[in-house]
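**Q** Under my numbering, the letters of the sequence shown match residues 285 to 567, in that order. This structure is in structure tokens; I'll ask about it shortly.
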Amino acid sequence: MATQDGSEEVIMETEAKPKEAEPLVEDAEATSHTDAGDTTTQDSSISNGDDADDDDKEMVDLKIIWNKNKYDLKIPVDSTGAKLKESIHSLTGLPPAMQKVMYKGLLPEDKTLREIKITNGAKIMVVGSTINDVLAVNTPKEVIQQEVKAEENKKEPLCRQKQHRKVLDKGKPDDIMPAIKGTKERLPTVPLSGMFNKSGGKVRLTFKLEQDQLWIGTKERTEKVPMGSIKNVVSEPIEDHEDYHMMAFQLGPTEASQYWVYWVPAQFVDAIKDTVLGKWQYF
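Structure follows, in structure tokens:
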């Protein structure tokens, strides 16, 4: 019995060894599966972390208005003007290069919406057209611009010409807006006023961005001019008063159709040109 019992014990021990080995393999496989599961879980947590970061961003709700259509857009308030154009492209199909985006003047691409102080519910006006339309409009404008520059090179400074001296010699208007030389600013929210026109009468400029119109107002009347019909805008600093410019809006095909405005504050000159002609101009 003892020998048999001992043999049985040996047999049991011998048989028990492979039985003990099997769980080891299973444990290794289970460990392998667990490790793989841990890897999957880690990847998922990283992805969720990214989503959480997006959720933490401060958002702003905007109303995009283009071509008489309205679109709702939710975008991080720290997005730049360039990023806003990309989002508008996704909504409307209008390429960023063809967009003229306006919010209290032409929207700067390098500043964030927070810096521009855009708030929830703000209306963003977008003006733009197809490439073919732009080419049709810009080709004659480019030719006109080149012709104007060539003529300017031949002539004496505009402010010395007799037709302009009779207005400039009246001196700076008492109620003209303050000017800052060497500075570029966005258009103010109020009309530019206190300036003279060619006849020496007071004139004010109102930029109606929602209608894409420039309103030229005098004591007698207000002329509403579509910005797309303005062929060119030229300007020149006034001698001895370089913080102010004289500026002409070409309303027709020749220089005879130029509407002159005197004593335009220098800091708004570039903003006026960008708003009327658009940054997507080829010249």
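By construction, the Cβ of each residue, glycine as well, lies at the ideal position given by its N, Cα and C atoms. The structure displayed is predicted, hence computed values, not measured ones.
Buried or exposed, going by whether 16 or more other CB atoms sit within 10 Å of the CB of PRO441?
**A** Result: exposed.
**Q** Does the distance between the C-beta of SER374 and the nearest non-hydrogen atom of the ligand COA fall short of 8 Å?
**A** This structure lacks the ligand COA; in fact it carries no ligand of any kind.
**Q** Assuming MET343 contacts LEU493 under a Cβ cut-off of 8 Å, what Cβ separation, rounded to an integer in Å, is found between them?
**A** That pair is no contact at about 24 Å.
**Q** Which residue from ILE464, ASP496, GLN495, THR502 puts its Cα closest to that of ASN481?
**A** Checking every option, the nearest Cα to that of ASN481 belongs to THR502.
**Q** Suppose you measure from the CA of LYS358 to the CA of GLY512; what does that come to, to the nearest Å?
**A** Rounded to the nearest angstrom, the two C-alpha atoms are 30 Å apart.
**Q** Is it right to say PHE552 is buried, meaning 16 or more other beta carbons lie within 10 angstroms of its own, or is it exposed?
**A** Flag for PHE552 reads buried.
**Q** Kindly indicate the opening and closing residues of the alpha helix (DSSP H) around GLU370.
**A** Note, GLU370: alpha helix (DSSP H), 365-376.
**Q** Indicate the three-state DSSP secondary structure (helix, strand or coil) for THR502 in the structure shown.
**A** THR502 falls in the coil class under three-state DSSP.
**Q** Apply the 10 Å Cβ neighbour rule to ASP558 and answer buried if 16 or more other Cβ atoms are within range, or exposed otherwise.
**A** Classification of ASP558: buried, given that the 10 Å Cβ count is 16 or more.
**Q** Can you have a look at ILE464 and say buried or exposed, based on whether 16 or more other CB atoms are within 10 angstroms of its CB?
**A** The residue in question, ILE464, is exposed, as its Cβ has fewer than 16 Cβ neighbours within 10 Å.
**Q** Reducing DSSP to helix, strand and coil, say where GLN495 ends up.
**A** GLN495 falls in the helix class under three-state DSSP.
**Q** What is the DSSP secondary structure of SER413, counted as helix, strand or coil?
**A** Coil at SER413, not helix or strand.
**Q** Can you give the Cα-Cα distance for ALA550 and PRO510, rounded to whole angstroms?
**A** Whole-angstrom Cα-Cα distance: 23 Å.
**Q** Could you check how far apart the C-beta atoms of GLY365 and ASP340 are, in whole angstroms? I think they sit under 8 Å.
**A** That pair is no contact at about 23 Å.
**Q** Counting only the same chain and skipping the five closest in sequence on each side, list residues whose C-beta sits under 6 Å from that of ALA312.
**A** Low local confidence applies: a pLDDT of 44 at ALA312 is under 50, so the model's placement there is unreliable, and no value is given.
**Q** Expressed to the nearest angstrom, what Euclidean distance is found between the alpha-carbon atoms of LYS401 and LYS388?
**A** LYS401 and LYS388: Cα-Cα distance of roughly 10 Å.
**Q** Taking all protein chains shown into account, decide if ALA320 is buried (16 or more other Cβ within 10 angstroms of its Cβ) or exposed.
**A** Any reading at ALA320 must be qualified, since the residue scores a pLDDT of 44, below 50, and its modelled position is unreliable; the value itself is stated next. Flag for ALA320 reads exposed.
**Q** Please work out which residues of its chain come closer than 6 Å, Cβ to Cβ, to THR396, disregarding the five sequence neighbours upstream and downstream, and give them in chain order.
**A** Once the five neighbours on either side are set aside, the close Cβ partners of THR396 are ASP362, THR364.
**Q** Helix or strand or just coil, what does DSSP make of THR396?
**A** If DSSP states are grouped into helix, strand and coil, THR396 belongs with the strands.
**Q** Compute the distance between the beta-carbons of THR490 and LEU476, then report whether it is under 9 Å.
**A** Yes.
**Q** From PRO578 to TYR528, what does the alpha carbon distance come to, in whole angstroms?
**A** In the structure as shown, the chain starts at 285 and stops at 567, and residue 578 therefore has no counterpart that could be examined.
**Q** Tell me which same chain residues have a C-beta within less than 8 Å of the C-beta of PRO571, skipping the five on either side of it?
**A** Nothing can be reported for residue 571, as the shown portion of the chain is limited to 285 through 567.
**Q** In whole angstroms, what is the alpha-carbon distance linking LEU535 and ARG488?
**A** Cα to Cα, the separation comes out at about 17 Å.
**Q** Using CA coordinates, which residue listed in ILE556, MET530, MET531 is at the minimum distance from GLN497?
**A** Nearest C-alpha to GLN497: ILE556.
**Q** Put LYS347 into one of helix, strand or coil per three-state DSSP.
**A** Of the three classes helix, strand and coil, the one that applies to LYS347 here is strand, per DSSP.
**Q** By the 10 Å Cβ neighbour count, where 16 or more other Cβ atoms means buried, how is GLN383 classified, buried or exposed?
**A** With 16 or more other Cβ atoms within 10 Å, it is buried.
**Q** Beta-carbon within less than 6 Å of GLU507's beta-carbon, same chain only, minus the 5 sequence neighbours each way: which residues are those?
**A** These residues qualify, in order along the chain: ILE500.
**Q** Give a yes or no on whether the C-beta atoms belonging to LEU368 and GLY405 are separated by under 9 Å.
**A** Taking 9 Å as the Cβ cut-off, LEU368 and GLY405 do not qualify as a contacting pair.
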